[in-house]
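Numbering-wise (the working numbering), the sequence shown opens with residue 15 and increments by one.
Some notes on the structure that comes next.
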Amino acid sequence: MSGPPTGRPPESGREGSPGSAGSRCLVVAIDGSAGSGKSTTAAAAAARLGFRHLDSGAIYRAVTRALLDAGLSGAALDAVTPDELAALAVDVRWTEQDMQVRTGGKPVPEQALRSERVTAAVSQVAAIPAVRAHLLELQRTAARGPGLVAEGRDMGTVVFPEAEVKVFLDAHPRERARRRLLQRGIRPDDAEIEAEAVLLTRRDQRDASRSVAPFLQAGDAVLLDTTALDPAAQTDAIVRLVEAARGSG
Ligand code: DC
C-alpha cells in the first residue's frame, strides 16, 4: 500500500489507492486557523521527519482559481457540478516530499494560488459540498511512504480521522494578523493589524459555520497555542509528538 517516495519520477495524486488504516504511512494531521503558524510548522516538521507535506489549502486555492478562470462566480459557483469539477483536472504531483498542484495538466504557480482574488473567494469555494467531496480522495492518496504531515482545516476530523498524531494550532487573532501582514512584506502598524485581525476572524467564522467539514478542533487533537511560540519551538513540539507516537506504536 505505501510506496517509496524517493528516487522516483513525480507521482500523480490521482493514481493508485488512497492511504488508509493498514498503510505504514504515519499521518500527522495539523489543523489550525489562518496565521496560526500551520504552514511554516507543517513544512518544517515534514522536512525534519522526512515526510511528505500536504498543503490542503493550496488545493482549495487551485480549484478556486480554476473556477474563477472558467467565469464562475456567486450562485453559479455554489452550483458547480461534479462533472465541472472533474473537467478542471485537479491533481497533485509529488517529487520526493514536495507537492505541486496542477489544474488542466499544468502546475499552478504559487503566486496565483495566493492572489487576492483567489484569497477572497476560496472560503466560499471550500464551503461547497461537491468541492469537498471531489477533493477527498486526492488528499488521502498523499499518505504514501514513511509519513505525511497534512495541514488544513479538516485533516484530523474528516480527511484523516485515523491519523496517529493530531495537532490543532491556534494563536491570538492580533498575532495571527501581524504574521500574515509580515508574510506579505508589510511592516504593519496597530490599525493595520486590527483590520487584518477582523478579516481573519471573519474568514475563520465562515469556515467554522459551513455545513460540511466545518473548521473545528478534533476531540483527540492536541491544542498548541502558538501566540508566544516561534516556528522552531512549534516544530519541536510536533516532532516530539511524532516521536511519542512512534514510541507507543
Ligand atoms: O490555509 P489556507 O489559507 O491556504 O486555506 C485557504 C482556504 O481554504 C481557507 O478559507 C480555509 C479553506 N480550507 C478548508 O476549508 N479545508 C482545508 N482542509 C484547507 C483549507
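A virtual CB, placed ideally from N, CA and C, is assigned to each residue, including glycine.
Every value quoted in this text rests on a predicted model; they were computed, and no experiment measured them.
Beta-bridge annotation (DSSP): H67 is paired with V163. Of all C-beta pairs linking the region 158-177 to the region 39-47, three or more are shorter than 8 Å, placing the two stretches in contact.
DSSP links P121 through a beta bridge to R116. For L183, DSSP records a beta bridge to G46 and L238.
Assignment of T109 by DSSP, reduced to helix, strand and coil, places it in the strand class. The Cβ-Cβ distance between D83 and Q138 does not fall below 9 Å. For A59, the closest of I73, Q153 and V41 by C-alpha to C-alpha distance is V41. The DSSP assignment places no complete run of the beta strand (DSSP E) inside the region 69-105 (cut-off: 3 residues). Using a Cβ distance threshold of 9 Å, E210 and L195 count as a contacting pair.
Inclusion of V122 and R116 in the CB contact set at 9 Å is warranted, their separation being smaller than that value. In this structure, the alpha-carbon of V256 lies about 6 Å from that of V179. DSSP, reduced to helix, strand and coil, places V136 within a helical segment of the structure shown. Counting only residues of its own chain and dropping the five nearest sequence neighbours on each side, D239 has a CB closer than 7 Å to the CB of D184 and A185.
Beyond the five residues adjoining it in sequence on each side, A76 comes within less than 7 Å, by CB distance, of V104, V115, T117, V122 and L127 in the same chain, given in chain order.
Counting every other CB atom within 10 Å of its CB across the protein chains shown gives D204 a total below 16, marking it as exposed.
With fewer than 16 other Cβ atoms from the protein chains shown falling within 10 Å of its own Cβ, V212 counts as exposed.
Collapsing the DSSP output to three states places V41 in a strand.
Residue burial annotation: T171 is buried, with at least 16 other C-beta atoms found within 10 angstroms of its C-beta.
Per the C-alpha coordinates, the member of A246, L150 and E176 positioned closest to V226 is L150.
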